[in-house]
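In the numbering used here, the protein residues as written are 2 to 81.
Even glycine gets a Cβ: it sits at the ideal position worked out from N, Cα and C.
Single-structure report; data block below.
Okay, here's the thing in structure tokens:
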């Protein structure tokens, strides 16, 4: 299932590796109320877009099973 998170403000991102050595980005952002959140993006090519104070829209994939997983699948920078 896909969901869209509008009006977010990027606070930064941190490249990491999982226990299998696969890289991912830990993206930190705030919603329009200022609530801090973190999500995973496995597309390392999006790292340049996750600059501090960048506003935009996240598209996430939500997988519900034994555990719920939410991952970023797209990021669109807001028009100025």
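Reference residue i, options the options, closest by Cα
i          : options      : result
residue 15 : 80, 43, 75   : 43
residue 38 : 17, 19, 13   : 13
residue 49 : 20, 26, 2    : 26
residue 31 : 17, 66, 55   : 55
residue 19 : 52, 41, 53   : 41
residue 24 : 34, 8, 45, 5 : 45
residue 71 : 28, 33, 47   : 28
8 Å CB neighbourhood of residue i in its chain, flanking five on each side removed
i         : result
residue 3 : 60, 61, 62, 63, 74
Residues near residue i in its chain [Cβ-Cβ closer than 6 Å; skip 5 each side]
i          : result
residue 77 : 57, 58
Residues bridged to residue i (per DSSP)
i          : result
residue 39 : 29
residue 11 : 30
residue 71 : 63
Burial state of residue i (16 or more Cβ within 10 Å)
i          : result
residue 68 : exposed
residue 9  : buried
Contacts around residue i, its chain only, beta-carbon distance under 7 Å, and the 5 residues preceding and following it disregarded
i          : result
residue 80 : none
Nearest-angstrom beta carbon gap, residue j and residue i [assumed within contact, 8 Å]
i          : j          : result
residue 36 : residue 11 : With a Cβ gap of about 14 Å, residue 36 and residue 11 do not count as contacting.
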